[in-house]
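A.B. asks: Could you have a look at this structure, given as C-alpha cells, before my questions?
Chains as they are written, first to last, in the UniProt record's numbering: chain A, 1 to 212; chain B, 1 to 781.
This is the structure we're talking about:
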C-alpha cells in the first residue's frame, strides 16, 4: 500500500507493563489477557492517517526483562518514536522510568519523540501512581503523557497517533533529516518531495490542534 | 638494530636463526620499540611470516598485535598490517590443495587462535570500533578478520557483538560503503553474523537490510547479476528463514512486490549461466520461505494474497510454461508455485485457469500431470508435479469437484485429454511410480470431501471390448489382488483407505465385492516377509475402516460379523500388531514431517503426508473398536442411547418450559389489560353513583318543595294543580331516570363481578404455573 511516510517506533518499559498488549490492541484491535513473555523483539505494523496523509507505522515491541536490555538497545538509534510504558498499579515500574529514559536518551538520536504512557488505567481500584505524578514526570522531562488501557482500548489509538503527529510536526518544522533513514523515517514511494513547504503550514496547524 | 637488519636482509653471518627465534625477536621489537617506524616494520615482517609460520606467529605474536590495535590507533598502516597478520593466523580458508589431515590441523589451529583472541570480549569490541576507521587498509582486513572469527566461533562472537551497543548497526553500515570490495566482504560478514541467531537477524532487518539488499540486487542486474547477487540472496535467506517477526516485517514493508521483477524471464531461456541458475534457485527459495507450510497459517495466507495481487504468482506460472528453462529451475518453480497456491482459494482458482501456450491450449494442470505419469521425466520433477497437484487440491472443494467431474460419465469430454483420464491412465500403467503418484493424487481429490467420495463411486471404466464396464473401485481392488509391485499396492491401498474412510456408502460398495474381505483377511493373517509388512499393515487399516464406517447394510459384513472374523481368523493381537506396521515403518515419520513429497530414491516413495494424518486419526479408533467385546459395545451403545434419551427428555422439558414461558407472558399481558379496564369501569361506576346521588338529592329537595307548596297554596288549587301537574310530570321523568340509572348500576355491578372473577382465576393460574416451572427446573438440575 502506498504511504506518504513511514515511521519506526519502539515500545520500551519494565516487564509486564503491557507493551505487547498495547501493540496487539493497536494492530489487531484485540486484547489478550494472558500473554507470553516477549523474547527479544517482536514486530507489528499499521497504517494511520494524519493530515490526510497515509502514514505507515512499523513498531518494534521489545522485551522488558533486564536480560534483554542490551539487545533492545540496538533499536534505539533507528527509531523515530518511542512509547515508554509503566503500569499505574505498580509503583516500581514508575520508579524505573528514569533509568529507561537515560538509556533511551543515550542511545537514540536526539530528535526521537518519546511518549510516556501509564497503562492499565482500567484498574482504578489498584492504582498506585496518580495521574498527576505521571503528568509531572512528563513535564519535567519534556515528554508527551497519556494514560491508556490496552484492555479497554482507551487512549491506545491516541497514544500511537499523537506520537506520529508529533513526529510529523517535527518533519514539517524541518527538525528531522528525512533523507537519512537511520532516523527511523522514510518517505513513501509516491511522495512528492518538492511541495513539502506547501504542506508544512497546513500540517503544522492541524497537528497542533489535534495534539494534547 | 644491526641484528634485525640482518634478519630482514637475510645476510646474517653465523648460523641462520630458526623461524621461532626470528619471530620472537620481531615480537620483542613490536613490544619495546619506541619508534613507530620500527614497530611498523616489525609488524610488516610478522605479516610476511604469518603464512609460513602460522603456528609460531599465532602463539608468540597475538598479544603484541592486539596491543598494537589498542595503542597505535593513529597509524592506519600499522593497524592494517596487524589486522592482516591476525587474519592470516585465524583464517582457515587460505590453504588449498591440502590433504584432509593437514586441513583438519589447520582448522584446529584457527579455532584455537580464535578462542585465544575472543577470550577477552573487549578484543571483539575493539575490532568493531576499528571498523569505524574509513581507511581501506584498516576496514578491509578488519572485515575479513571479523568474518573469520565468526566462522570459527560463531556463537561466542555473535554474543559479544549482540551486547555491544551499535555493534550490529555499525556492521550494517558496511553495505553502504562505496568501495565494492568492502561492501561485498561486508555481505559475507553479515552472512556469518546472522547465521542461526534470531536476535541479530531482527536487528539487521531493523537496520533496513531488506531495502539495501533489494537495492543491491536490482543494481547488480537481478538474476543476471554475479556472485554479489547470490551473496545478497543468501543473506536474505538467513534473515527470513524461520524468523516470523522478520517475515512479517518483510511483508509489511511491501518487499514481496519487489521480488516480482526477479522472475521476468524472456522467451528464449536457453544458455543460462550457472550463476543465473544459482541466483534464480535462491530467489525461488526466498519466495518459498515466505509461504512455507510450517509458517503460521495466517502469515502464509496473507503472503499468498499479496503474491497474487502483485502478480508474482502469475510471473512464476509464466516460467512454468516457458520453453528452455533448465530442469532444476523448472522443478523448483513448480515447488514454489505449489506453496504459493496451497490452501489459498484465489490462488488455486487462478492456477486452474492457467493455460499452456500449446495448440489447442491445454490447462497447465493437464500439462503438468502428463509429466507426472511420464516415465521419462526426471524423478524430482514428477515429485514436484505431484506436490503442485496436492497443493492445488488442499482445502479446495471446488478444485476437487472439478477433477472428479472429468471422470464422471455425464461431464466427460472425449475430445480432449483431461486430468481424470491422465490419473486413470497413471493408476493402471505398468510403471509403478506412475501408479503411486496417480493413486495419491486421486486420494487428494477426495480428502475431507464426502461428496466427491460418493461421486467417484459412479466412475465406470471400459475394459476390453465386449466386456461390461467395471467400476473404478472394482478395478483398484482387482489390481491389488493381482499382486503387483509393493509401490503400486501401497499407492492403491492408500487411495482406498482415503476413499472409504468416513463414507459408509463407499464401505458398502467395497464390501459388496465378495472377494475383498477374504483377500484382506488372507493378506493380514499370512506370515509374509519384511517387504510385505507395509502392505499387511495397510490391509489391516482398510479392514479396520470397513468396521468403523460400517452402516450394517450388508448382512454378511456387519460391524459385528467383521469383528468376529478378525477374532477368529486373524486374532485381535495379531491384527493390531499388523496395523502398527504402518507407523513403525522407517519412512513413515519422514513423510509425517512436511507436506512436500521428497524421497531420496524412487523406491522410497511410499508414504504420503496427508495419509499419515489419516493413519494418526484412525489407528487408535480401530484398535479400540477391535479390542472391545460385543457386550461392551452393546453396553456402550445402550449408554449412548440412554444418554440420547436423556438428552431428548431434557430437550422436551426445555421446549415445555419455553412454551409455558410464552403462555405466562401472554397471561400477564392479559391481566394487565384487564386490570386497566377494571380500573376504568370502577371510575365510571363511581362517577355514575355520584350522579345518582345528585339526582336523589334533587328529587328529595323537589319532594320537600312539593309538600310545602301543597300546604301553602291549598287556596289557589287551579294554579297549584297546574304547578303540581307540571311537578308530577317532572317527577315521573325523574323517577324513570332514576330507574334507568338503577338498572345501569346493577348491570355495571354484575360486569364488575364478572371481571373480578376473571382476574381471580388468572391470578390463581399464575400462582399455579410458577411452582410447576420451578419443579421442572429442579428435575433438570
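All C-beta atoms in this analysis are idealised placements derived from N, C-alpha and C, irrespective of residue type, glycine included.
If we define contact as Cβ-Cβ less than 8 Å, is residue 73 (chain A) a contact residue for chain B?
C.D. replies: Yes, contact with chain B.
A.B. asks: Could you list which residues in chain E have their beta carbon closer than 8 Å to that of residue 502 (chain B), in chain order?
C.D. replies: Absent from the structure is chain E; the protein chains it does hold are A and B.
A.B. asks: Quick one: give me the first and last residue of the alpha helix (DSSP H) that residue 519 (chain B) is part of.
C.D. replies: Note, residue 519 (chain B): alpha helix (DSSP H), 516 to 525.
A.B. asks: To the nearest angstrom, report how far apart residue 589 (chain B) and residue 44 (chain A) are at their CA atoms.
C.D. replies: In a straight line, the C-alpha of residue 589 (chain B) is about 36 Å away from that of residue 44 (chain A).
A.B. asks: From the beta carbon of residue 66 (chain A), is the nearest beta carbon of chain B less than 8 Å away?
C.D. replies: With 8 Å as the cut-off, residue 66 (chain A) does not count as an interface residue toward chain B.
A.B. asks: At the 8 Å Cβ level, is residue 160 (chain B) part of the contact set with chain A, yes or no?
C.D. replies: No - not a single Cβ of chain A is within 8 Å of the one on residue 160 (chain B).
A.B. asks: At a threshold of 7 Å, does residue 104 (chain A) count as lining the ligand MN (C-beta to nearest heavy atom)?
C.D. replies: As far as ligands go, the structure on display features none, and thus does not contain the ligand MN.
A.B. asks: Determine the chain A residues that contact residue 195 (chain B) at a beta-carbon separation under 9 Å, and present them in chain order.
C.D. replies: Near residue 195 (chain B) there are no residues of chain A at all, since even the closest Cβ is about 16 Å away, more than 9 Å.
A.B. asks: What does DSSP give as the partner residues of residue 57 (chain A) in its beta bridges?
C.D. replies: Per DSSP, A:7, A:46.
A.B. asks: I'd like to know whether the C-beta of residue 260 (chain B) is nearer than 8 Å to at least one C-beta of chain A.
C.D. replies: Answer no: the Cβ-Cβ gap between residue 260 (chain B) and chain A never drops below 8 Å.
A.B. asks: From residue 493 (chain B) to residue 459 (chain B), what does the alpha carbon distance come to, in whole angstroms?
C.D. replies: Answer to the nearest angstrom: the Cα atoms are 18 Å apart.
A.B. asks: When the Cα atoms are used, what is the spatial distance from residue 721 (chain B) to residue 703 (chain B)?
C.D. replies: Unreliable placement is indicated for residue 721 (chain B), whose pLDDT of 48 sits below 50; no coordinate value is reported for it.
A.B. asks: According to DSSP, simplified to helix, strand and coil, what is residue 718 (chain B)?
C.D. replies: Residue placement at residue 718 (chain B) is flagged as unreliable, the pLDDT there being 49, under the threshold of 50; the coordinate-derived value follows with that caveat. Note: residue 718 (chain B) maps to helix in three-state DSSP.
A.B. asks: Could you name the residues that DSSP lists as bridge partners for residue 186 (chain A)?
C.D. replies: Bridge partners of residue 186 (chain A): A:6.
A.B. asks: Comparing the C-beta of residue 199 (chain B) with each C-beta of chain A, is any distance below 8 Å?
C.D. replies: Closer than 8 Å: yes.
A.B. asks: Who are residue 87 (chain A)'s beta bridge partners in DSSP?
C.D. replies: In DSSP, residue 87 (chain A) forms a bridge with A:119.
A.B. asks: Could you tell me whether any Cβ in chain A is nearer than 8 Å to the Cβ of residue 62 (chain B)?
C.D. replies: So, not an interface residue.
A.B. asks: Step through the CB atoms of chain B and report whether any lies within less than 8 Å of the CB of residue 85 (chain A).
C.D. replies: So no, residue 85 (chain A) is outside the interface.
A.B. asks: Would DSSP call residue 155 (chain A) helix, strand or coil?
C.D. replies: Residue 155 (chain A) falls in the coil class under three-state DSSP.
A.B. asks: Would residue 191 (chain A) pass as an interface residue toward chain B - the criterion being a Cβ-Cβ separation below 8 Å?
C.D. replies: Legend: pLDDT at residue 191 (chain A) = 47, less than 50; position of this residue unreliable, value from coordinates given subsequently. So, not an interface residue.
A.B. asks: Could you pull the DSSP bridge partners for residue 62 (chain A) from this structure?
C.D. replies: Its beta-bridge partners are A:41.
A.B. asks: Just to confirm before moving on: does the CB-CB distance between residue 138 (chain A) and residue 145 (chain A) stay below 8 Å?
C.D. replies: The answer is yes: Cβ separation under 8 Å.
A.B. asks: With a threshold of 6 Å on Cβ separation, who are the neighbours of residue 91 (chain B) within its own chain once the five nearest residues in sequence on each side are excluded?
C.D. replies: Closer than 6 Å at Cβ, skipping near neighbours: 148.
A.B. asks: Which same chain residues end up closer than 7 Å to residue 141 (chain B) when comparing Cβ atoms and leaving out the 5 residues on each side of it in sequence?
C.D. replies: 80, 83, 84, 87, listed in sequence order.
A.B. asks: Determine which residues of the region 142 to 170 of chain B have a Cβ less than 9 Å from any Cβ of chain A, and write them out in chain order.
C.D. replies: Going along the region 142 to 170 of chain B in chain order, one finds 162, 163, 164, 165, 166, 167, 168, 169 with a Cβ nearer than 9 Å to chain A.
A.B. asks: The beta strand (DSSP E) spanning residue 144 (chain A) covers which residue range?
C.D. replies: Taken as a continuous stretch (DSSP letters only), the beta strand (DSSP E) holding residue 144 (chain A) covers 144 to 147.
A.B. asks: Count the other CB atoms within 10 Å of the CB of residue 447 (chain B); is the residue buried (16 or more) or exposed (fewer)?
C.D. replies: Buried, since its Cβ has 16 or more Cβ neighbours within 10 Å.
A.B. asks: Using only CA atoms, which one of B:506, B:444, B:654 lies nearest to residue 474 (chain B)?
C.D. replies: Comparing Cα-Cα distances from residue 474 (chain B) to each of B:506, B:444, B:654, the minimum goes to B:506.
A.B. asks: Measure the alpha-carbon distance for residue 349 (chain B) versus residue 268 (chain B) and round it to whole angstroms.
C.D. replies: Distance between the alpha carbons of residue 349 (chain B) and residue 268 (chain B) is about 28 Å.
A.B. asks: Write down the C-beta distance between residue 596 (chain B) and residue 308 (chain B) rounded to the nearest angstrom, noting that I regard them as a contact closer than 8 Å.
C.D. replies: Actually they are not in contact, since the Cβ atoms of residue 596 (chain B) and residue 308 (chain B) sit about 21 Å apart, beyond 8 Å.
A.B. asks: Grab me the residues of residue 420 (chain B)'s own chain with a C-beta within less than 6 Å of its C-beta, minus the 5 sequence neighbours each way, in chain order.
C.D. replies: Taken in chain order, the residues that qualify are 406, 407.
A.B. asks: Just checking: is the beta-carbon of residue 210 (chain B) within a distance shorter than 8 Å of some beta-carbon in chain A?
C.D. replies: Not an interface residue.
A.B. asks: Please list, in chain order, the chain B residues whose beta carbon lies closer than 9 Å to that of residue 107 (chain A).
C.D. replies: Under the 9 Å cutoff, chain B gives 165, 166.
A.B. asks: Tell me residue 113 (chain A)'s beta-bridge partners as DSSP assigns them.
C.D. replies: For residue 113 (chain A), which the question treats as bridged, DSSP gives the partners A:81.
A.B. asks: By the three-class DSSP mapping on this structure, what secondary structure does residue 161 (chain A) have?
C.D. replies: If DSSP states are grouped into helix, strand and coil, residue 161 (chain A) belongs with the helices.
A.B. asks: By the DSSP assignment, the alpha helix (DSSP H) with residue 27 (chain B) in it spans what residues?
C.D. replies: Taken as a continuous stretch (DSSP letters only), the alpha helix (DSSP H) holding residue 27 (chain B) covers 19 to 32.
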